[in-house]
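Q: Okay, so the sequence shown: first residue is 191 according to the numbering used here, each after it adds one. From the three backbone atoms N, C-alpha and C, an ideal C-beta is built for every residue, glycine too. A quick note: this is a predicted structure, and the numbers were derived from the prediction, not measured. This is the structure I want to talk about, given as structure tokens.
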Amino acid sequence: MNGGTVPLIGLGTWPMDDAECERAVAEALQLGYRLVDTAFAYGNEVGVGRGVAASGVAREDVFITTKFDRESHSVAGAALAFEDAARKLGVEYIDLMLIHWPNPDQDRYVEAWEGLIVLREQGKVRHIGTSNFLPKYLDRIISATGAVPELNQLQVNPRHLQRGPRAYNAELGIVTQSWSPLGQGTGLVELPVFADLADKYGCTPAQVILAWHVNVGLCAIPKSSNPERLVQNLRAQDIDLDPADIATIEALDGTEPDVKNPDTFMH
Ligand SMILES: NC(=O)c1ccc[n+]([C@@H]2O[C@H](COP(=O)([O-])OP(=O)(O)OC[C@H]3O[C@@H](n4cnc5c(N)ncnc54)[C@H](OP(=O)(O)O)[C@@H]3O)[C@@H](O)[C@H]2O)c1
Numbered sequence: 191m192n193g194g195t196v197p198l199i200g201l202g203t204w205p206m207d208d209a210e211c212e213r214a215v216a217e218a219l220q221l222g223y224r225l226v227d228t229a230f231a232y233g234n235e236v237g238v239g240r241g242v243a244a245s246g247v248a249r250e251d252v253f254i255t256t257k258f259d260r261e262s263h264s265v266a267g268a269a270l271a272f273e274d275a276a277r278k279l280g281v282e283y284i285d286l287m288l289i290h291w292p293n294p295d296q297d298r299y300v301e302a303w304e305g306l307i308v309l310r311e312q313g314k315v316r317h318i319g320t321s322n323f324l325p326k327y328l329d330r331i332i333s334a335t336g337a338v339p340e341l342n343q344l345q346v347n348p349r350h351l352q353r354g355p356r357a358y359n360a361e362l363g364i365v366t367q368s369w370s371p372l373g374q375g376t377g378l379v380e381l382p383v384f385a386d387l388a389d390k391y392g393c394t395p396a397q398v399i400l401a402w403h404v405n406v407g408l409c410a411i412p413k414s415s416n417p418e419r420l421v422q423n424l425r426a427q428d429i430d431l432d433p434a435d436i437a438t439i440e441a442l443d444g445t446e447p448d449v450k451n452p453d454t455f456m457h
């Protein structure tokens, strides 16, 4: 990331409402989390801001990510999206702002990217990036502006490795951050392979999965509002997996039951 780093494990906040977010964010920050992921679409930026304020952790020690929707895909739209998000979050600046989806049907993501570049130049947003951008969308915004996203958030988990898009991000120096890293309740955590590995490493199945993300160079934003799981998920970054176990985990690739396609997802 330009002049900074991004925490390996952060807190996802979808689908928490404001009240749940306020409690979970404050708790997570007190437990040691330093990154919180939200979005205009989640409707919980107010709760995230209250949680940050209630945590007692200094604003400059918290990395807040938010994202904007298709309605804001223009230079003026991105500026308004920033003002709206900053007001709801109760902050002067946002650490990382992302285009939530490319929404190729309306074909205005280049303008959205130009809007983010302006916001970074103005210092209102520290880092700028994309979410759900396949290589062809990255190529387009980079060739139009010369500016490379700092981070690209993608749906990645052991059943959906996204090798091609991840390799492309890496080639361009873009950080890949995994969304739904635990498979969003689709049965990933319950697969027997993770129970076996959890026994071997003396941890939980979810920790094996999050350790996999970190061991292969990803950062991740698991969502939990359960205090014990919040701790587990953060500590997973300290677990070193054997290469053979990483290979076993990656043999699951292609078996994801619910993959969202950026080409067709019309959020
Ligand atoms: N950029 C995008 O387009 C996009 C799309 C989707 C999501 N996201 C972001 O990514 C974040 C994470 O994705 P997600 O919420 O979809 O899915 P996820 O983090 O893969 O999974 C969340 C589910 O796993 C459970 N869980 C959490 N920790 C666990 C543990 N240690 N053991 C067992 N179960 C555990 C949670 O339940 P409990 O809460 O009960 O613990 C919840 O049901 C979102 O919150 C959002 O911030 C971004």
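Using a Cβ-Cβ cut-off of 7 Å (strictly less than) and excluding sequence neighbours within five positions of residue 239, which residues of its own chain qualify?
A: Same-chain partners within the cutoff: 278, 279, 280, 281.
Q: How close, in whole Å, do the beta carbons of residue 225 and residue 196 come, if the pair is a contact with beta carbons under 8 Å?
A: Sure, about 7 Å apart at Cβ, within 8 Å.
Q: Across the segment 212-222 and the segment 325-345, are there enough close Cβ pairs to call them in contact, namely three or more that are closer than 8 Å?
A: The segment 212-222 vs the segment 325-345: no contact.
Q: What residue does the alpha helix (DSSP H) around residue 220 start on, and which one ends it?
A: Residue 220 -> alpha helix (DSSP H) spans 208-221.
Q: Just list the alpha helix (DSSP H) runs in the segment 323-378, keeping only unbroken ones of 4 residues or longer that don't cross its boundaries, in chain order.
A: Taking only runs of at least 4 residues, the alpha helix (DSSP H) segments lying wholly in the segment 323-378 are 325-335, 353-362.
Q: Please state whether DSSP places residue 262 in a helix, a strand or coil.
A: The answer is helix: DSSP assigns residue 262 an H, G or I state.
Q: Return the chain-ordered ranges of every alpha helix (DSSP H) run that is complete within the segment 231-286 and spans a minimum of 4 residues.
A: Counting only runs of 4 or more, we get 235-245, 265-279.
Q: Please classify residue 349 as buried or exposed, where buried requires at least 16 other C-beta atoms within 10 Å of its C-beta.
A: Residue 349 is buried by the Cβ-count criterion.
Q: If you compare alpha carbons, which of 423, 209, 222, 426 is closest to residue 253?
A: Checking every option, the nearest Cα to that of residue 253 belongs to 222.
Q: Answer yes or no: do residue 366 and residue 379 have a C-beta to C-beta separation smaller than 8 Å?
A: Against a cut-off of 8 Å, the Cβ pair of residue 379 and residue 366 comes out as no contact.
Q: Please return the same chain residues whose Cβ sits closer than 6 Å to the Cβ of residue 420, not counting the five positions on each side in sequence.
A: If we look at residue 420 and ignore the five residues flanking it on each side, its Cβ neighbours are 218, 221, 414.
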